[in-house]
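Our numbering numbers the first residue of the sequence shown as 7 and each following residue consecutively. The beta-carbon is built from N, C-alpha and C at its ideal position, and this holds for glycine as well. These notes concern the structure reproduced below.
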Amino acid sequence: MKFNTPVPKYELENRLNAFKSELEKKDKSWQMVLINNPVNLYYLTGTVPDGLLVITKEQAILWVRRDYDRARNESEFENIRSMKSFREIAEYFKDIPKTVYLEYKYANLQWLSLIKKHLAFEKYKDVLPVLQSIRAIKSEYEIECMKASGKIQSQSLEQILPVFLREGVSEAELCGEVLLDLIRRGSMGSCRFENPHGEAVGGICSFSESGLNGISFDSPDGCKGTYIPIQALGSHSRKLKKGDIIFADIACGVAGYHTDKSVTYFYGRLSEHKNGDLIKTAYNICLEIEKKASAMLKPNTILSDIYDFAYNAVPNEFKSGFMFGKKFLGHSVGLAMDEYPAIAKGFDLEIKSNQVFALEPKIKLDGIGLVGTENTYLVSEQGGICLTGKPQPLIEII
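Structural data, given as C-alpha coordinates:
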(Lines of atoms letter the chains of each structure in order from A and count residues from 1; the text may use other names and numbers.)
(Lines give C-alpha, C1' and ligand atoms only; values in the text may rest on other atoms or scores of the structure.)
Protein backbone atom coordinates (compact mmCIF):
# COMPACT_ATOMS: atom_id res chain seq x y z
CA MET A 1 0.00 0.00 0.00
CA LYS A 2 1.21 3.50 -0.85
CA PHE A 3 0.46 5.67 2.15
CA ASN A 4 1.05 9.05 0.50
CA THR A 5 -1.88 8.55 -1.88
CA PRO A 6 -5.46 9.77 -1.28
CA VAL A 7 -7.80 7.85 1.00
CA PRO A 8 -9.60 5.46 -1.40
CA LYS A 9 -13.01 6.56 -2.63
CA TYR A 10 -14.64 3.32 -1.47
CA GLU A 11 -13.27 3.96 2.03
CA LEU A 12 -14.83 7.44 2.18
CA GLU A 13 -18.14 6.13 0.84
CA ASN A 14 -18.21 3.32 3.41
CA ARG A 15 -17.54 5.76 6.24
CA LEU A 16 -20.23 8.20 5.16
CA ASN A 17 -22.76 5.39 4.76
CA ALA A 18 -21.87 3.98 8.18
CA PHE A 19 -22.19 7.44 9.72
CA LYS A 20 -25.62 8.05 8.22
CA SER A 21 -26.81 4.58 9.22
CA GLU A 22 -25.65 5.03 12.82
CA LEU A 23 -27.23 8.47 13.09
CA GLU A 24 -30.47 7.11 11.65
CA LYS A 25 -30.56 4.50 14.42
CA LYS A 26 -30.21 7.25 17.00
CA ASP A 27 -32.58 9.78 15.46
CA LYS A 28 -34.75 9.02 12.45
CA SER A 29 -35.81 12.67 12.28
CA TRP A 30 -32.30 14.10 11.76
CA GLN A 31 -32.02 16.52 8.85
CA MET A 32 -28.60 18.19 8.80
CA VAL A 33 -25.11 17.68 10.23
CA LEU A 34 -22.34 20.30 10.33
CA ILE A 35 -18.74 19.09 10.79
CA ASN A 36 -15.69 21.33 11.04
CA ASN A 37 -13.13 19.48 13.19
CA PRO A 38 -10.02 18.61 11.10
CA VAL A 39 -9.83 15.00 12.29
CA ASN A 40 -13.48 14.30 11.51
CA LEU A 41 -13.20 16.15 8.20
CA TYR A 42 -10.27 13.92 7.25
CA TYR A 43 -12.14 10.80 8.33
CA LEU A 44 -15.16 11.57 6.15
CA THR A 45 -13.59 13.47 3.23
CA GLY A 46 -9.88 12.59 3.09
CA THR A 47 -8.70 16.20 3.41
CA VAL A 48 -8.31 18.81 6.18
CA PRO A 49 -9.34 22.22 4.81
CA ASP A 50 -10.66 25.29 6.52
CA GLY A 51 -14.25 24.55 5.69
CA LEU A 52 -17.48 22.86 6.63
CA LEU A 53 -18.90 19.45 5.76
CA VAL A 54 -22.68 19.60 5.46
CA ILE A 55 -24.49 16.27 5.48
CA THR A 56 -28.18 15.77 4.81
CA LYS A 57 -30.10 12.59 4.04
CA GLU A 58 -29.88 13.37 0.33
CA GLN A 59 -26.30 14.61 -0.06
CA ALA A 60 -22.98 15.53 1.53
CA ILE A 61 -21.03 18.62 0.42
CA LEU A 62 -17.62 19.74 1.60
CA TRP A 63 -17.52 23.55 1.47
CA VAL A 64 -13.92 24.81 1.42
CA ARG A 65 -12.61 28.26 2.26
CA ARG A 66 -8.91 27.31 2.22
CA ASP A 67 -7.43 25.63 0.24
CA TYR A 68 -9.93 24.59 -2.43
CA ASP A 69 -7.39 23.50 -5.07
CA ARG A 70 -5.49 21.39 -2.59
CA ALA A 71 -8.67 19.73 -1.34
CA ARG A 72 -9.68 18.83 -4.90
CA ASN A 73 -6.23 17.46 -5.69
CA GLU A 74 -5.79 15.27 -2.63
CA SER A 75 -9.32 14.03 -1.92
CA GLU A 76 -11.51 11.42 -3.59
CA PHE A 77 -14.59 12.91 -1.91
CA GLU A 78 -17.27 13.33 -4.54
CA ASN A 79 -18.73 16.78 -3.81
CA ILE A 80 -16.26 19.58 -2.96
CA ARG A 81 -17.24 23.22 -3.46
CA SER A 82 -15.46 26.51 -2.94
CA MET A 83 -16.91 29.15 -0.62
CA LYS A 84 -15.96 32.56 0.70
CA SER A 85 -18.64 32.81 3.36
CA PHE A 86 -21.16 30.63 5.18
CA ARG A 87 -23.72 32.77 3.37
CA GLU A 88 -23.16 30.64 0.27
CA ILE A 89 -24.17 27.52 2.21
CA ALA A 90 -27.35 29.25 3.38
CA GLU A 91 -28.17 30.24 -0.20
CA TYR A 92 -27.68 26.66 -1.39
CA PHE A 93 -29.68 25.02 1.44
CA LYS A 94 -32.55 27.45 1.41
CA ASP A 95 -34.51 25.72 4.17
CA ILE A 96 -32.26 25.29 7.18
CA PRO A 97 -33.84 22.93 9.74
CA LYS A 98 -34.63 24.18 13.22
CA THR A 99 -32.32 21.57 14.75
CA VAL A 100 -28.92 20.52 13.41
CA TYR A 101 -26.23 18.14 14.61
CA LEU A 102 -22.73 19.46 15.26
CA GLU A 103 -19.60 18.62 17.26
CA TYR A 104 -20.18 19.99 20.77
CA LYS A 105 -16.53 19.70 21.74
CA TYR A 106 -15.34 21.85 18.84
CA ALA A 107 -18.25 24.25 18.36
CA ASN A 108 -16.93 27.18 20.36
CA LEU A 109 -19.03 30.28 20.97
CA GLN A 110 -17.23 32.35 18.34
CA TRP A 111 -17.78 29.70 15.66
CA LEU A 112 -21.42 29.23 16.69
CA SER A 113 -22.07 32.96 16.55
CA LEU A 114 -20.53 33.19 13.09
CA ILE A 115 -22.34 30.24 11.57
CA LYS A 116 -25.73 31.06 13.12
CA LYS A 117 -25.49 34.46 11.52
CA HIS A 118 -26.07 32.74 8.18
CA LEU A 119 -27.58 29.34 9.02
CA ALA A 120 -30.60 30.16 11.12
CA PHE A 121 -31.01 26.96 13.13
CA GLU A 122 -32.48 27.29 16.62
CA LYS A 123 -31.25 24.17 18.40
CA TYR A 124 -28.36 21.77 18.07
CA LYS A 125 -27.49 18.26 19.18
CA ASP A 126 -24.14 16.55 19.64
CA VAL A 127 -22.99 14.31 16.78
CA LEU A 128 -19.68 13.28 18.39
CA PRO A 129 -20.99 10.06 20.02
CA VAL A 130 -21.98 8.80 16.56
CA LEU A 131 -18.62 9.73 15.04
CA GLN A 132 -16.76 8.17 17.97
CA SER A 133 -18.64 4.89 17.64
CA ILE A 134 -17.88 4.43 13.94
CA ARG A 135 -14.28 5.65 14.20
CA ALA A 136 -13.65 3.12 16.97
CA ILE A 137 -13.98 0.20 14.53
CA LYS A 138 -11.05 0.22 12.12
CA SER A 139 -11.31 -0.84 8.48
CA GLU A 140 -8.66 -2.93 6.74
CA TYR A 141 -7.28 0.27 5.20
CA GLU A 142 -6.95 1.90 8.60
CA ILE A 143 -5.37 -1.20 10.12
CA GLU A 144 -2.76 -1.30 7.35
CA CYS A 145 -1.87 2.33 8.07
CA MET A 146 -1.46 1.53 11.75
CA LYS A 147 0.61 -1.57 11.05
CA ALA A 148 2.97 0.56 8.97
CA SER A 149 3.21 3.11 11.79
CA GLY A 150 3.83 0.41 14.38
CA LYS A 151 6.63 -1.13 12.33
CA ILE A 152 8.43 2.22 12.12
CA GLN A 153 7.87 2.85 15.82
CA SER A 154 9.15 -0.52 16.99
CA GLN A 155 12.32 -0.16 14.93
CA SER A 156 13.04 3.30 16.28
CA LEU A 157 12.24 2.78 19.97
CA GLU A 158 13.51 -0.79 20.35
CA GLN A 159 16.57 -0.73 18.08
CA ILE A 160 17.65 2.87 17.47
CA LEU A 161 16.86 4.73 20.71
CA PRO A 162 19.44 2.69 22.69
CA VAL A 163 22.11 3.70 20.15
CA PHE A 164 21.41 7.38 20.90
CA LEU A 165 22.05 6.93 24.62
CA ARG A 166 25.31 8.47 25.81
CA GLU A 167 26.37 10.33 28.90
CA GLY A 168 25.55 14.03 28.68
CA VAL A 169 22.68 13.89 26.19
CA SER A 170 19.68 15.92 27.40
CA GLU A 171 16.12 14.62 27.60
CA ALA A 172 14.97 17.12 24.96
CA GLU A 173 17.85 16.27 22.63
CA LEU A 174 17.22 12.52 22.93
CA CYS A 175 13.52 12.96 22.21
CA GLY A 176 14.33 15.13 19.20
CA GLU A 177 16.77 12.55 17.84
CA VAL A 178 14.17 9.79 18.11
CA LEU A 179 11.49 11.96 16.49
CA LEU A 180 13.88 12.72 13.61
CA ASP A 181 14.61 9.01 13.21
CA LEU A 182 10.88 8.29 13.06
CA ILE A 183 10.46 10.92 10.34
CA ARG A 184 13.35 9.48 8.35
CA ARG A 185 11.62 6.10 8.46
CA GLY A 186 8.33 7.54 7.22
CA SER A 187 6.44 8.87 10.24
CA MET A 188 4.22 11.89 9.59
CA GLY A 189 6.12 13.88 12.23
CA SER A 190 3.17 15.17 14.24
CA CYS A 191 0.20 13.82 16.13
CA ARG A 192 -3.31 14.86 17.03
CA PHE A 193 -5.22 14.68 20.30
CA GLU A 194 -8.90 15.02 21.15
CA ASN A 195 -7.85 16.56 24.48
CA PRO A 196 -6.68 20.17 23.98
CA HIS A 197 -3.88 19.61 26.52
CA GLY A 198 -2.15 17.16 24.17
CA GLU A 199 0.98 18.54 22.50
CA ALA A 200 1.26 17.92 18.75
CA VAL A 201 4.94 17.01 19.10
CA GLY A 202 3.76 13.72 20.58
CA GLY A 203 6.80 12.68 22.57
CA ILE A 204 8.48 12.83 25.96
CA CYS A 205 11.74 11.56 27.41
CA SER A 206 12.53 11.67 31.11
CA PHE A 207 15.50 10.52 33.14
CA SER A 208 14.95 9.13 36.65
CA GLU A 209 13.37 11.73 39.01
CA SER A 210 12.43 13.96 36.06
CA GLY A 211 9.68 11.45 35.27
CA LEU A 212 7.98 12.30 38.57
CA ASN A 213 6.83 15.69 37.23
CA GLY A 214 3.11 15.37 36.54
CA ILE A 215 1.66 16.87 33.37
CA SER A 216 -1.69 18.52 32.61
CA PHE A 217 -2.59 15.96 29.96
CA ASP A 218 -4.59 12.96 31.22
CA SER A 219 -1.65 10.56 31.11
CA PRO A 220 0.35 8.34 33.48
CA ASP A 221 3.58 9.88 32.12
CA GLY A 222 5.84 12.38 33.82
CA CYS A 223 8.02 14.99 32.15
CA LYS A 224 9.58 18.33 33.11
CA GLY A 225 9.31 19.65 29.55
CA THR A 226 11.42 22.14 27.63
CA TYR A 227 9.86 25.20 29.31
CA ILE A 228 7.01 25.84 31.74
CA PRO A 229 4.30 26.08 29.02
CA ILE A 230 5.62 23.06 27.05
CA GLN A 231 5.11 19.87 29.02
CA ALA A 232 6.63 17.67 26.33
CA LEU A 233 9.92 16.52 24.77
CA GLY A 234 11.97 16.81 27.96
CA SER A 235 14.34 19.10 29.78
CA HIS A 236 17.25 20.86 28.09
CA SER A 237 19.21 20.84 31.33
CA ARG A 238 18.65 17.29 32.62
CA LYS A 239 21.52 15.27 31.16
CA LEU A 240 21.90 11.49 31.11
CA LYS A 241 24.28 9.92 33.60
CA LYS A 242 25.12 6.45 34.84
CA GLY A 243 22.42 4.96 37.04
CA ASP A 244 19.54 6.75 35.28
CA ILE A 245 16.20 5.29 34.30
CA ILE A 246 15.40 6.30 30.72
CA PHE A 247 11.66 6.56 30.05
CA ALA A 248 10.38 7.44 26.58
CA ASP A 249 6.80 7.70 25.31
CA ILE A 250 6.95 8.79 21.68
CA ALA A 251 4.13 8.63 19.15
CA CYS A 252 4.32 7.64 15.51
CA GLY A 253 1.88 8.00 12.62
CA VAL A 254 1.32 7.11 8.99
CA ALA A 255 -1.32 8.70 6.73
CA GLY A 256 -3.04 10.30 9.72
CA TYR A 257 -3.13 7.11 11.81
CA HIS A 258 -1.19 6.86 15.06
CA THR A 259 0.34 4.14 17.15
CA ASP A 260 1.55 4.60 20.72
CA LYS A 261 4.52 3.01 22.45
CA SER A 262 6.59 3.58 25.59
CA VAL A 263 9.93 2.03 26.52
CA THR A 264 12.08 2.00 29.64
CA TYR A 265 15.84 1.42 29.74
CA PHE A 266 18.43 1.56 32.51
CA TYR A 267 21.72 3.34 31.86
CA GLY A 268 24.26 1.21 33.69
CA ARG A 269 23.93 -1.87 35.87
CA LEU A 270 20.85 -2.29 38.02
CA SER A 271 22.94 -4.23 40.51
CA GLU A 272 24.93 -1.06 41.20
CA HIS A 273 21.84 1.08 41.93
CA LYS A 274 20.74 1.18 45.56
CA ASN A 275 17.11 0.71 44.42
CA GLY A 276 17.89 -1.63 41.54
CA ASP A 277 15.72 -4.48 42.82
CA LEU A 278 12.78 -2.13 43.42
CA ILE A 279 13.08 -0.66 39.91
CA LYS A 280 13.21 -4.11 38.32
CA THR A 281 10.29 -5.39 40.39
CA ALA A 282 8.08 -2.42 39.46
CA TYR A 283 8.97 -2.74 35.80
CA ASN A 284 8.24 -6.49 35.75
CA ILE A 285 4.82 -5.83 37.31
CA CYS A 286 4.03 -3.50 34.40
CA LEU A 287 5.39 -6.00 31.89
CA GLU A 288 3.22 -8.85 33.21
CA ILE A 289 0.14 -6.62 33.35
CA GLU A 290 0.60 -5.63 29.71
CA LYS A 291 1.05 -9.25 28.60
CA LYS A 292 -2.00 -10.52 30.48
CA ALA A 293 -4.19 -7.50 29.66
CA SER A 294 -3.36 -7.84 25.95
CA ALA A 295 -4.62 -11.43 26.05
CA MET A 296 -7.97 -10.05 27.29
CA LEU A 297 -8.40 -7.82 24.22
CA LYS A 298 -11.07 -10.03 22.66
CA PRO A 299 -14.57 -9.19 21.42
CA ASN A 300 -17.19 -8.99 24.19
CA THR A 301 -14.68 -8.41 26.99
CA ILE A 302 -15.76 -5.53 29.23
CA LEU A 303 -13.28 -2.66 29.17
CA SER A 304 -13.54 -1.89 32.89
CA ASP A 305 -12.83 -5.56 33.68
CA ILE A 306 -9.39 -5.17 32.10
CA TYR A 307 -8.69 -2.11 34.24
CA ASP A 308 -9.92 -3.92 37.37
CA PHE A 309 -7.64 -6.88 36.59
CA ALA A 310 -4.65 -4.57 36.18
CA TYR A 311 -5.29 -2.60 39.36
CA ASN A 312 -5.78 -5.76 41.41
CA ALA A 313 -2.56 -7.22 39.98
CA VAL A 314 -0.51 -4.37 41.45
CA PRO A 315 0.91 -5.17 44.91
CA ASN A 316 -0.24 -2.79 47.63
CA GLU A 317 3.17 -1.17 48.03
CA PHE A 318 3.04 0.00 44.39
CA LYS A 319 -0.65 0.94 44.15
CA SER A 320 -0.26 4.63 45.04
CA GLY A 321 2.16 5.14 42.16
CA PHE A 322 0.28 3.05 39.62
CA MET A 323 -0.78 5.13 36.59
CA PHE A 324 0.11 8.34 38.49
CA GLY A 325 -3.08 7.70 40.50
CA LYS A 326 -5.32 7.82 37.43
CA LYS A 327 -8.10 5.23 37.05
CA PHE A 328 -7.27 3.87 33.61
CA LEU A 329 -4.94 1.45 31.84
CA GLY A 330 -5.16 2.37 28.18
CA HIS A 331 -6.92 4.20 25.40
CA SER A 332 -8.16 3.82 21.86
CA VAL A 333 -5.84 4.97 19.10
CA GLY A 334 -6.51 5.99 15.50
CA LEU A 335 -6.75 9.40 13.86
CA ALA A 336 -6.19 10.79 17.35
CA MET A 337 -3.91 9.53 20.09
CA ASP A 338 -6.68 9.59 22.69
CA GLU A 339 -9.77 8.21 21.00
CA TYR A 340 -12.92 6.83 22.58
CA PRO A 341 -13.38 4.51 24.43
CA ALA A 342 -10.78 4.10 27.17
CA ILE A 343 -9.79 1.07 29.22
CA ALA A 344 -10.77 2.64 32.50
CA LYS A 345 -12.87 2.49 35.62
CA GLY A 346 -16.52 2.98 34.70
CA PHE A 347 -16.18 2.10 31.01
CA ASP A 348 -18.53 -0.87 31.19
CA LEU A 349 -18.57 -1.37 27.43
CA GLU A 350 -17.96 -4.49 25.39
CA ILE A 351 -14.87 -4.58 23.19
CA LYS A 352 -15.53 -5.12 19.47
CA SER A 353 -13.45 -6.70 16.72
CA ASN A 354 -11.02 -4.35 14.94
CA GLN A 355 -10.85 -1.85 17.74
CA VAL A 356 -7.31 -0.69 18.54
CA PHE A 357 -6.04 0.07 22.04
CA ALA A 358 -2.78 1.19 23.61
CA LEU A 359 -2.06 -0.56 26.91
CA GLU A 360 0.28 1.47 29.12
CA PRO A 361 0.82 0.15 32.66
CA LYS A 362 3.22 2.48 34.46
CA ILE A 363 4.42 2.92 38.04
CA LYS A 364 5.81 6.04 39.69
CA LEU A 365 8.53 5.30 42.23
CA ASP A 366 8.78 8.23 44.65
CA GLY A 367 12.24 9.73 44.75
CA ILE A 368 13.44 7.41 41.99
CA GLY A 369 11.57 7.79 38.70
CA LEU A 370 8.95 6.37 36.36
CA VAL A 371 8.94 2.90 34.83
CA GLY A 372 6.48 1.16 32.55
CA THR A 373 5.60 -0.30 29.21
CA GLU A 374 3.22 0.52 26.38
CA ASN A 375 2.24 -1.02 23.07
CA THR A 376 -0.65 -0.70 20.63
CA TYR A 377 -2.89 -3.72 20.04
CA LEU A 378 -5.52 -4.77 17.51
CA VAL A 379 -8.48 -6.62 19.04
CA SER A 380 -8.96 -10.15 17.71
CA GLU A 381 -10.66 -13.42 18.70
CA GLN A 382 -7.26 -14.69 19.86
CA GLY A 383 -6.51 -11.62 21.97
CA GLY A 384 -4.61 -8.45 21.23
CA ILE A 385 -2.27 -8.46 18.23
CA CYS A 386 0.67 -6.16 18.92
CA LEU A 387 1.24 -3.59 16.17
CA THR A 388 4.29 -1.94 17.73
CA GLY A 389 6.85 -4.67 18.18
CA LYS A 390 6.58 -6.45 21.51
CA PRO A 391 6.79 -5.92 25.26
CA GLN A 392 10.45 -6.19 26.23
CA PRO A 393 12.31 -6.81 29.49
CA LEU A 394 14.05 -3.98 31.27
CA ILE A 395 17.28 -3.64 29.29
CA GLU A 396 20.51 -2.35 30.79
CA ILE A 397 22.58 -0.08 28.54
CA ILE A 398 26.17 -0.70 29.58
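According to the neighbour-count rule (16 or more other Cβ atoms, all chains shown, within 10 Å of its Cβ), is VAL39 buried or exposed?
By one-based count along the sequence shown, residue 39 stands at place 33. It is buried - the Cβ of VAL39 has at least 16 other Cβ atoms within 10 Å.
Excluding five sequence neighbours on each side, which residues of the same chain lie with their C-beta closer than 7 Å to the C-beta of ILE312?
Residue numbering aside, residue 312 sits at position 306 when the sequence shown is read from its first letter. If we look at ILE312 and ignore the five residues flanking it on each side, its Cβ neighbours are ALA299, MET302, LEU335 and ILE349.
By how many angstroms is the C-alpha of GLU28 removed from the C-alpha of LYS15?
Along the sequence shown, one-based indexing puts residue 15 at 9. Along the sequence shown, one-based indexing puts residue 28 at 22. Their backbone Cα atoms lie some 20 Å apart in a straight line.
What is the rounded straight-line gap between the Cα of LYS280 and the Cα of LEU137?
One-based indexing of the sequence shown puts residue 280 at position 274. One-based indexing of the sequence shown puts residue 137 at position 131. Distance between the alpha carbons of LYS280 and LEU137 is about 51 Å.
Boundaries of the beta strand (DSSP E) in which GLY217 is found, first to last residue
Walking along the sequence shown from the start, residue 217 turns up at place 211. Segment: none, GLY217 is in no beta strand (DSSP E) and carries neither H nor E.
Buried/exposed call for THR11, threshold 16 Cβ in 10 Å:
Within the sequence shown, numbered from 1, the residue matching residue 11 stands at position 5. Under this definition THR11 is an exposed residue.
I need the straight-line Cα distance from ARG93 to LEU125, nearest angstrom please.
Against the sequence shown, residue 93 aligns to sequence position 87. Against the sequence shown, residue 125 aligns to sequence position 119. Those two C-alpha atoms are separated by around 8 Å.
Inter-residue Cα distance where the pair is THR232 and GLY220:
As a first step, residue 232 must be located in the sequence shown, where it is residue number 226. As a first step, residue 220 must be located in the sequence shown, where it is residue number 214. Between THR232 and GLY220, the C-alpha separation is close to 14 Å.
Which partner residues does TYR263 have in the DSSP bridge list?
Residue numbering aside, residue 263 sits at position 257 when the sequence shown is read from its first letter. Answer is VAL260, bridged to TYR263.
Do GLU109 and SER268 count as a contact pair if the criterion is CB distance below 7 Å?
For the purposes of this step, residue 268 is taken as residue 262 along the sequence shown, with counting starting at 1. For the purposes of this step, residue 109 is taken as residue 103 along the sequence shown, with counting starting at 1. Cβ distance not < 7 Å, so SER268 and GLU109 don't count as in contact.
Does the ligand MN have a heavy atom nearer than 6 Å to the CB of VAL175?
Annotation note on the ligand MN: not contained in the displayed structure, which lists no ligands.
So if DSSP puts HIS337 in a beta bridge, which residue, or which two residues, is it bridged to?
Mapped onto the sequence shown, residue 337 falls at position 331. Paired residues: ALA348 and ALA364.
By alpha-carbon positions, which one of ALA154, GLY174 and PHE328 ends up nearest to ILE291?
If you number the sequence shown from 1, residue 291 lands on position 285. That would be PHE328, whose Cα lies nearest to the Cα of ILE291.
Just curious, the alpha helix (DSSP H) that GLY182 is in, first and last residue?
Position 176 of the sequence shown, counted from the first residue, corresponds to residue 182. From DSSP, the alpha helix (DSSP H) with GLY182 extends over 177-191.
Output yes or no for whether 7 Å exceeds the beta carbon distance between VAL106 and ALA342.
Residue 106 sits at position 100 when you count from the first residue of the sequence shown. Residue 342 sits at position 336 when you count from the first residue of the sequence shown. Not in contact: VAL106 and ALA342 (Cβ atoms no closer than 7 Å).
Return yes when the Cβ of PRO226 is within less than 7 Å of the Cβ of LYS332, no when it is not.
Numbered from 1 along the sequence shown, position 326 holds the residue referred to as residue 332. Numbered from 1 along the sequence shown, position 220 holds the residue referred to as residue 226. For LYS332 and PRO226, yes; Cβs fall inside 7 Å.
Hey, ILE210 and ASP255: beta-carbon distance below 7 Å or not?
Working through the sequence shown from its first residue, we reach residue 210 at position 204. Working through the sequence shown from its first residue, we reach residue 255 at position 249. Contact: yes.
By DSSP, does LEU393 sit in helix, in strand, or in coil?
Walking along the sequence shown from the start, residue 393 turns up at place 387. Residue state, collapsed to three classes: coil.
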